[in-house]
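See below for the structure under consideration.
Protein chains: 2
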Amino acid sequence: MRAITKGISRHFPVIGVMRSYRREDLSHDLIAGIVVGMLTVPQAVAYALLAGLPAEAGLYACLAPMVIHALLSSSRQLIVGPVAIAALMVASTVGEHAPAYSDAYLGITTVLSLQVGLILWLLRLLQVGGIVNLLSHPVISGFVNGAAILIIVSQLAPLSGIGGTTPRLGDGTAAGLVSLAGSLAAVNPAALALGVASLLVMAAFRRWGSALPRLWRSGESVTSHPLTRIGPVLLLVDRTALVAILVVDVPLVGSVPAGLPSLTLPVFDAGLWWDLAPNALLIALVAYVESYSVGKTLASRQRQRIDSHQELLALGAANVAAAFSGAYPVAGSFSRSSLNYASGARTPASALVCGAVIVATLLWLTPIFVHLPHAVLAAIVIVAVYELADFRSVLRDRRFYRPDVVTHFATFASVLLGGVEVGLVVGVAVSLVLFMRGSARPHIAVVGRLGDTPHFRNVERYTVKTWPHLVAARVDESFYFANADTVEDRLAELAVPQPGQEPAVKHLLVIMSAVNFIDSTGLEMLKRLTLRLEKREVSLHLCEIKGPVRDQLGHVNIDEWLTGEVFRTTDDAFNALTAAAGRWVWSGGEDAAPKET
Amino acid sequence: MRAITKGISRHFPVIGVMRSYRREDLSHDLIAGIVVGMLTVPQAVAYALLAGLPAEAGLYACLAPMVIHALLSSSRQLIVGPVAIAALMVASTVGEHAPAYSDAYLGITTVLSLQVGLILWLLRLLQVGGIVNLLSHPVISGFVNGAAILIIVSQLAPLSGIGGTTPRLGDGTAAGLVSLAGSLAAVNPAALALGVASLLVMAAFRRWGSALPRLWRSGESVTSHPLTRIGPVLLLVDRTALVAILVVDVPLVGSVPAGLPSLTLPVFDAGLWWDLAPNALLIALVAYVESYSVGKTLASRQRQRIDSHQELLALGAANVAAAFSGAYPVAGSFSRSSLNYASGARTPASALVCGAVIVATLLWLTPIFVHLPHAVLAAIVIVAVYELADFRSVLRDRRFYRPDVVTHFATFASVLLGGVEVGLVVGVAVSLVLFMRGSARPHIAVVGRLGDTPHFRNVERYTVKTWPHLVAARVDESFYFANADTVEDRLAELAVPQPGQEPAVKHLLVIMSAVNFIDSTGLEMLKRLTLRLEKREVSLHLCEIKGPVRDQLGHVNIDEWLTGEVFRTTDDAFNALTAAAGRWVWSGGEDAAPKET
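Residue numbers (the working numbering), protein chains in the order written: chain L, 571 to 1167; chain Z, 571 to 1167.
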């Protein structure tokens, strides 16, 4: 019995949290839940329209998915639901199969949600959640920056009252701008004025909102102060009232059915499933990376842990719930989760309160959407995604590791030119290619003895002692297929006497301290190198072989083919190989001062 | 003037070779050229039929392409021309666009040759020939083994006199076997008998040919003795004579037009070019890998060098020549190049002699093909590709590096099930994924001091001294996107006190001797890890940072965020951090004998 309870607790971390629930937590969770709920309503409606779905689909995405996730997640403050990036990916995927805002579109979206959920569960089952590590920082930031611009371009039409629907996404920025340019005549001046005014009000709120009386003391930085976040909801109420009273003629959201979502059953159509699967995989990966990184950031501030396996399970369940409740793919929301944390949420109970706010909205407040202008929602989306974009950190890292900057801008440009899916795939491919390229041309340092110490350093960076018959080279990479050829050629060259150099090299010592494994191509390379050197009467010695590599070499009779010896340390090797007559040579001249210490 | 000559010599290595040509080289080159020519004729015709082309296309492929390659190559004995693997890839590619042996088929093949040549030149121009390193040993061996079986299956029909044409290749073995099973009734007993007898004779030749009077003394191993290689030509003459005399009713090659090839112009059709391009890339890569590795093997036996750039140029030119002379994509032939070497060829002049043999064949010997049975050619192909297959070396390496065995069999199975292109792509993908997987879960060794030496070793492998407040961990991998999460979590765990352990860890020392670079994801990881440890009052120290990584860290103000210090060596770090009071602990017990020395 006890074991069962324990097993249940393990799968529902919320049980453990609730057992230790204290009375004073309640007021915090209550306030945070209400605040987050107030931000959630306008965001949910705005992102639903961005995804090409009716307004209520966004609200449904904040109900079952959010609550189920809260019960399963190992994070205490993570809020899942509709997010801008997932909405963009849904629009780009489903837009190829059906016109936006149609019933068929909604049906395909539920299939997509189900696939996303099942893929997340599959990743958990196969324990291959590590695949998301392929989405490196520069890929994600390039992707998010590109997507932010795509989304902003897509919102320019609703912001200026054109049509009232978003253009086809996923074809890149150029297509979006062209379709916008073609309909400039249709600009609704009232809507544009309303939209631009909303943008200005929201920007002002973000900038100066925290200067208003401080209702909460969270110790957070200015821009994450809760008050700066409730701009959207005030705006929504204010502008809706304005439009309703003045009866301005701008595109409106229109009637939204009141009441809770009913059960939807995703259709099974093998062809459709097959077509959607690759996109579902990409959405699942992006949704998981987003949720996990938000959850991890919040947890690390409170010395808590996020369990990646549990998060796959929870996010998978949230998406399956979305599929069966007429919603669309959900992910962890950066803005709402941090608002939740900043407003003092202590447990997932705040998500339940937030859910209650959504229920209340669906039951009694849907009439206000009738007068809600599209232009205001577009302004809300633009401000939200503008905050996601971040070019500064990339530029900051440009001198640290240049390939990351290349990856970032390749991803960014591919998203803008080819859409989100193309951008993500290109980004991962570019980061892999650049990584392989780096390890295919490894750094090889010729080292010498540092004074009379047992330490050895690069002859180009330090003044060290070398011995003319012995070249000691440290290869800073494992020996494997991508670099075997290069390493062989470069090591063989080291044994060739330089013009005028005398006497010739007799020993090549390869320092293996950075060789973490050797694959069969690398092993062939070592054997071939030994033969090549043997023809020049140079013996090949190895030293500083690590445990795992020594275990590997134990299987291949190294004594039979290696012409030299295996030494434990570079020091041992130098002591043994320089014992014969010869004179030491100082790099940088006999009496040069150390170049670096 | 001198500079021009030098420039020309640089692009035509043959000029340098011919300048130092000695009279005694001539007899060697003459004999080798004739021997190779005699093997080339039957192989060329057999591989042409395998590729779905008329017999003469194979002979043309040994003329302009072979001679032009000989003039440009940096290898002295490499022979390019029709090869089995390229023939299979041509059949699989062009078979999708036109029926085999048709004029349209030949037209598409010349386009493919031109693309292969241009791609090789492009790789040279962009200096990205290193891309072939992605085809690791296990991928190539898996690919060749799978292709060998595909080819053997494809030859079972002509061997047994069915139809006389090869079945559609590229659909995998199963399709080949099914189509064969469906036409069992059409077996021609005479052809089957002839084919099987040919197989037996060739196998016997391979086994015992070298026991015949030794005409050449090459010092090579038994199976590469030249006499074992001329089996095919004797067989061809013998069986053709037999068929001609006995007038047995078996499928024959039929009339082959006499005379030299005329100029062909590849058609330009954008749609077709686009369709063929991916396959052309794969053929180019495989052809280059094959040629380069054969050339390299032969060169290394003679202390010569192969220039990879020059080889791209030469092989590209050979394929362009193939496109304009009615031939098909060519590559370095393993069997003919080693026969050339074993027969004593000293310079590319032997290839010119071989070309003369082909010219003579085209001018005067085409009538013999009228009576040449398909079954004999099928036997020649089967024996040739049987020799290419090699499972032993893979199994030999299975204990050395297991992922390579997985890669080999994944490639092998994909070739058998999905055809050559699918197999190659799957093989490269599997090898990349396994490589990333390995470096995503790096080996992390906790080390201690070896006696009173300045050397530090894994506490699990050696009896070493450790100090309770300090954990020193050597991470055997660079810090980058694929492993940042795992490394962070595992290092953080090391700082958590074990149950009952007392006192707690105060310092975590990360030994960076195997960290070859850090990307921006890795840098974020280090910063996050520092923060996590700081909350547990553990300082993070680094040591043994290599030059390139130190240069990187110089750009990111490490002093501002690192809670500990940067030490030069592990020894320095231990001396500094263990200076305070505390007692040393021996791994394996205070008085334990060293576990390993």
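Where a beta carbon is used, it is the ideal one built from N, C-alpha and C, also for glycine. If you're wondering where the values come from, they're calculated on a predicted model, not measured in any experiment.
Residues bridged to residue 1091/Z [DSSP beta-bridge criterion]
BP columns for residue 1091/Z are empty, so no partner.
Option in 820/L, 656/L, 1147/L, 1118/L with minimal Cα separation from residue 728/L:
820/L
Residue 1023/L: buried (16+ other C-beta within 10 angstroms of its C-beta) or exposed?
Here residue 1023/L is exposed. Its C-beta has fewer than 16 other C-beta atoms within 10 Å.
Straight-line gap, residue 584/L to residue 883/L (C-alpha atoms, nearest Å):
14 angstroms
On the CB-based measure, 16 or more other CB atoms within 10 Å of its CB, does residue 602/Z come out buried or exposed?
buried
Let me check understanding here. Comparing Cα to Cα, which of 773/Z, 651/Z, 626/Z, 616/Z lies closest to residue 906/Z?
For the options 773/Z, 651/Z, 626/Z, 616/Z, the alpha carbon positioned closest to that of residue 906/Z is the one of 651/Z.
Using DSSP's beta-bridge definition, name the partner residues of residue 1169/Z.
With chain Z represented from 571 up to 1167, any question about residue 1169/Z goes unanswered, as that position is not in the structure.
Which class does residue 559/L belong to by DSSP, given the choice of helix, strand or coil?
With chain L covering only 571 through 1167, there is no way to say anything about residue 559/L.
Test: residue 812/L CB closer than 8 angstroms to a CB of chain Z:
With 8 angstroms as the cut-off, residue 812/L does not count as an interface residue toward chain Z.
Would the beta-carbon of residue 630/L fall within 8 angstroms of that of residue 896/L?
yes
Considering only C-alpha positions, which residue in the set 1107/L, 578/L, 1103/L, 1047/L is nearest to residue 1082/Z?
1047/L
Note down the Cα distance separating residue 586/Z from residue 649/Z, rounded to an integer number of angstroms.
19 angstroms
Determine the closest residue to residue 1065/L out of 1079/L, 1053/L, 835/L, with distance taken between C-alpha atoms.
1079/L
Three-state secondary structure (DSSP) of residue 527/Z
Examination of residue 527/Z is not possible in this model, given that chain Z is present from 571 through 1167 alone.
Compute the Euclidean distance between the alpha carbons of residue 1033/Z and residue 1026/Z, then round it to the nearest angstrom.
10 angstroms
Closer than 7 angstroms, Cβ to Cβ, to anything on chain B: give me those residues from the region 955 to 969 of chain Z, in chain order.
Structure shown: chain B not included; protein chains present are L and Z.
What's the call for residue 782/Z, buried or exposed, on a 16-neighbour Cβ count within 10 Å?
In this prediction, residue 782/Z scores a pLDDT of 46, lower than 50, which makes its location untrustworthy; the coordinate-derived value is nonetheless stated afterwards. Under this definition residue 782/Z is an exposed residue.
Buried or exposed: residue 1145/Z, going by 16 or more other Cβ atoms within 10 Å of its Cβ?
exposed
With a threshold of 8 angstroms between beta carbons, is residue 1060/L in contact with chain Z?
no
Candidates 822/Z, 620/Z, 770/Z: which alpha carbon is nearest residue 725/Z's?
620/Z
Would you call residue 973/L buried or exposed, if buried means 16 or more other Cβ atoms sit within 10 Å of its Cβ?
buried
On the criterion of 16 or more Cβ atoms from any shown chain inside 10 Å, does residue 685/Z qualify as buried, or is it exposed?
A residue is called buried when at least 16 other Cβ atoms come within 10 angstroms of its Cβ; residue 685/Z meets this threshold and is buried.
Run down chain L in chain order and give the residues with a C-beta less than 9 angstroms from the C-beta of residue 590/Z.
None at all; the shortest Cβ gap to chain L is about 21 angstroms.
Of the choices 886/Z, 1140/Z, 1127/Z, whose alpha-carbon is the least far from that of residue 858/Z?
Nearest to residue 858/Z by C-alpha distance, out of 886/Z, 1140/Z, 1127/Z, is 886/Z.
Residue 903/L - containing beta strand (DSSP E), residue span:
Segment: none, residue 903/L is in no beta strand (DSSP E) and carries neither H nor E.
Could you give the residue range of the alpha helix (DSSP H) that holds residue 1145/L?
1140 to 1147
Pull up the DSSP beta-bridge partners for residue 1014/L, would you.
1045/L
Could you confirm whether any beta carbon from chain Z is found closer than 8 angstroms to the beta carbon of residue 613/L?
False, the Cβ-Cβ gap to chain Z never drops below 8 angstroms.
Using the rule of at least 16 other Cβ atoms within 10 Å of the residue's Cβ for burial, across every protein chain shown, is residue 965/L buried or exposed?
exposed
Taking the Cβ atom as the reference point for each residue, do residue 1133/Z and residue 1109/Z lie within a distance shorter than 8 angstroms?
In terms of Cβ geometry, residue 1133/Z and residue 1109/Z form a close pair [threshold 8 angstroms].
Taking residue 944/Z as the query, report the chain L residues whose CB atoms sit under 7 angstroms from its CB, ordered along the chain.
What residue 944/Z touches in chain L: nothing, since even the nearest Cβ is about 38 angstroms away.
Contact list for residue 1024/Z against chain L, beta-carbon separation under 7 angstroms:
Annotation: Cβ neighbours of residue 1024/Z in chain L (cutoff 7 angstroms, chain order): 1024.
Pair within 8 angstroms by beta-carbon distance, residue 898/L and residue 683/L:
yes
What residue from 1019/L, 622/L, 925/L has the CA that sits closest to residue 1182/L's CA?
No statement about residue 1182/L is possible, as the shown extent of chain L runs from 571 to 1167 and does not include it.
Under the assumption that residue 1118/Z contacts residue 1087/Z (Cβ atoms under 8 angstroms), give the Cβ distance between them as a whole number of angstroms.
7 angstroms
Would the region 997 to 1009 of chain L count as touching the region 972 to 989 of chain L if we require 3 or more Cβ pairs under 8 angstroms?
At 8 angstroms Cβ cutoff, the stretches touch.
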